[in-house]
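Please read the structure below before turning to the comments.
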Amino acid sequence: MKILFQVGLDPLLAQGHALHVRHLVDELSALGHEIDVIGRDDGGSLEWNPPGRLARVPLLTLPSVRQPIRELRAARLLRAWITERKYDVVFTRSEPLAFAPLFVPEDMPLAVESNSSLSAHYEEVGGLLGYLIRRVEGALLRRANRIGVVAPTLVSRHAEEHAIHPESFFVVRNGAVVPEPLSPQTVRELREARGASERQFVIVLAGSASERIEFAWLVSALEDVPDAKLWVIGDGELLVAWKATAERSSAGERIDFLGPLSEGDVLCHIQAAQVAAAPYGPERIEQLGGDPLKVLTAMAAGTQLLASGVPADPPFDTLGGGVRVPAAPGAWRGEIQRQVGAWRESGRPLTDWPWPGDGPAKEWIRAHRSWRHAATLWERELERLAR
């Protein structure tokens with residue numbers, strides 16, 4: 001197939017949604033399809049060589065008209081490429097106020113991926129902006145010939161919110177990359193490079209800084225354990241606020257903001273830590289209908305995972321041997337203290353803790369939640385539309 005993937009984000013950003021786009025493009029190409037990408041240019045700088053063409057619509061300097069003008073530019077480019085290349089199907093994602101796909105010609109099959117519920121965002125944002133987000137989302141989903149959602153809860157939410165028949169939807173989960181294990185020497189060198197001694201308990205928080213994550217819970221927990229250190233990987237809208245929170249804390253000197261890293265570097269840092277943390281607020285993921293990549297990534301890396309506010313369906317029900325922490329600051333303080341205490345009693349091992357080898361989640365992720373699994377499901381649905 002010839003596929004045009006139009007996305008309302010910058011595919012070169014170091015964040016989960018952009019990572020999602022890059023993996024789907026690479027895997028669909030590996031399955032033998034021609035795929036071009038149109039996205040936004042928000043300053044992303046990660047290296048990525050997509051198999052087809054990549055165009056990024058640049059950021060404008062006038063905030064009040066930035067979004068509509070950029071979407072109109074994207075729509076013009078979208079129609080030009082459709083006319084030029086004669087694609088079999090157009091593939092897009094539902095993003096806040098990303099209305100360019102509404103300009104796809106009616107006779108062109110359109111598939112839409114909904115990675116989370118913009119209706120839930122509408123409820124949070126409120127006002128005129130929230131209303132517009134909801135209207136654009138509804139118009140795009142009603143125009144779509146097929147809609148893929150990352151969680152079953154999104155089917156009922158979208159069907160009710162936007163008056164769409166449930167049979168228009170199918171569930172296609174996020175994937176994850178399972179890395180090769182690091183040698184103890186590599187772990188030691190990486191930690192030394194980051195200023196973490198072998199006697200420090202390292203916690204890693206990897207992913208975009210957003211309101212879904214209760215960063216203050218981790219900071220508070222860190223204040224009670226002087227031999228613990230926190231690595232924060234990624235960027236995001238709340239990163240400045242997170243840094244201010246860290247600076248006000250007595251544990252601030254043990255909180256390192258490493259910035260956005262490549263996926264390979266993120267996985268290495270997760271493997272070099274004692275635990276990975278995902279302190280989502282109460283019902284944050286269920287409310288938004290999401291499938292959290294930072295949780296899947298930690299599980300795939302084989303590192304002990306502490307998480308709150310995540311779904312109760314596989315693989316999140318057991319977290320691959322990890323710990324579901326109640327979504328409250330006191331619970332996080334208590335669990336971090338318990339983890340550090342168990343690690344000390346075990347002799348402060350650098351690797352193979354709390355289990356030897358890869359951990360129980362890796363094989364499950366490899367067998368059921370790889371990006372190839374996600375791409376194969378999309379391939380099946382896109383081929384049906386392209387006939």
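210 is the number that UniProt numbering gives to position 210 of the sequence shown; each next residue is one higher, with no gaps.
A virtual CB, placed ideally from N, CA and C, is assigned to each residue, including glycine.
Query	Result
Whether residue 402 touches PRO181 by CB criterion (8 Å)	Residue 402 lies beyond the stretch modelled for the chain, which goes from 1 to 387, so this question has no answer here.
Rounded straight-line distance, which links the Cα of PRO96 to that of PRO68	12 Å
Contact check, residue 420 vs VAL57, beta carbons under 8 Å	Lying outside 1 to 387, the shown extent of the chain, residue 420 is not represented and no answer is given.
CB of ARG93 within 8 Å of CB of GLU113, strictly	yes
8 Å Cβ shell around VAL225 - same chain, five flanking residues per side excluded	PHE201, ILE336, GLN337 and VAL340
Environment of SER116 [buried if 16+ CB atoms lie within 10 Å]	buried
Residue range of the unbroken alpha helix (DSSP H) whose run includes ARG254	First-last for ARG254: undefined, no H or E at that position.
Contact belief for GLY44 with ALA18 at Cβ below 8 Å, rounded distance in angstroms	7 Å
Which residues DSSP lists as bridging TYR87, in chain order	Its beta-bridge partners do not exist; DSSP assigns none.
Spatially closest choice to GLN185 from PHE170, CYS268 and LEU132, by CA coordinates	CYS268
LEU238: first and last residue of the uninterrupted beta strand (DSSP E) it sits in	Neither: LEU238 is in no beta strand (DSSP E) and is coded neither H nor E.
Chain-order list of residues whose beta-carbon lies under 7 Å from that of ARG173 (same chain, five-residue window excluded)	VAL150, ASP291, ARG369 and ALA374
Beta-carbon proximity of ALA246 to VAL219, cut-off 8 Å	yes
Delimiting residues of the alpha helix (DSSP H) encompassing TRP353	Per DSSP, TRP353 belongs to no alpha helix (DSSP H) and is neither H nor E.
Contacts around LEU128, its chain only, beta-carbon distance under 7 Å, and the 5 residues preceding and following it disregarded	none
Close-in-space but distant-in-sequence residues of the same chain around ARG73 (CB under 6 Å, 5 per side omitted)	VAL57
8 Å Cβ cutoff met for ALA277 and GLY234	no
Cut-off 7 Å between Cβ atoms - residues of its own chain near LEU385, not counting five sequence neighbours on either side	VAL89, PRO109, ALA111, ASN145 and ARG146
Stretch-stretch touch, CB-based, cutoff 8 Å, three pairs: the stretch 350–365 with the stretch 298–312	yes
SER308 - DSSP class collapsed to helix/strand/coil	strand
Option in LEU305, TRP378 and GLN15 with minimal Cα separation from ILE270	LEU305
Segments of 3+ residues assigned as beta strand (DSSP E) that fall wholly inside the stretch 113–182	146–149 and 169–171
At least 3 beta-carbon pairs within less than 8 Å: the stretch 310–323 vs the stretch 248–259	no
DSSP three-state assignment for residue 391, whether helix, strand or coil	Here the chain covers residues 1 to 387 and nothing more, so residue 391 does not appear.
Identity of the residue in ASP265, ARG199, GLU211 and LYS294 nearest PRO349 by Cα	ARG199
Extent of the continuous beta strand (DSSP E) run through ILE336	Taken as a continuous stretch (DSSP letters only), ILE336 belongs to no beta strand (DSSP E), being part of the alpha helix (DSSP H) at 329–345.
Beta-ladder partner(s) of LEU54, from DSSP	VAL37
Own chain partners of GLY8 with C-beta closer than 6 Å, once the 5 adjacent residues on each side are dropped	GLU95 and ALA98
Cβ shell of ARG85 (< 8 Å), same chain only, five flanking positions each side left out	LYS2, LEU4 and ASP36
Beta-carbon proximity of GLY39 to GLU381, cut-off 8 Å	no
Three-state secondary structure assigned by DSSP to VAL295	helix
Run of the beta strand (DSSP E) containing LEU230, from where it starts to where it stops	228–233
In chain order, each beta strand (DSSP E) run of at least 3 residues that lies wholly inside the stretch 190–231	201–206
Between the CA atoms of ILE82 and GLU106 - distance to the nearest angstrom	12 Å
Residues bridged to PRO326 (per DSSP)	DSSP lists no partner for PRO326.
8 Å Cβ shell around VAL187 - same chain, five flanking residues per side excluded	GLN271, ALA272, LEU350 and THR351
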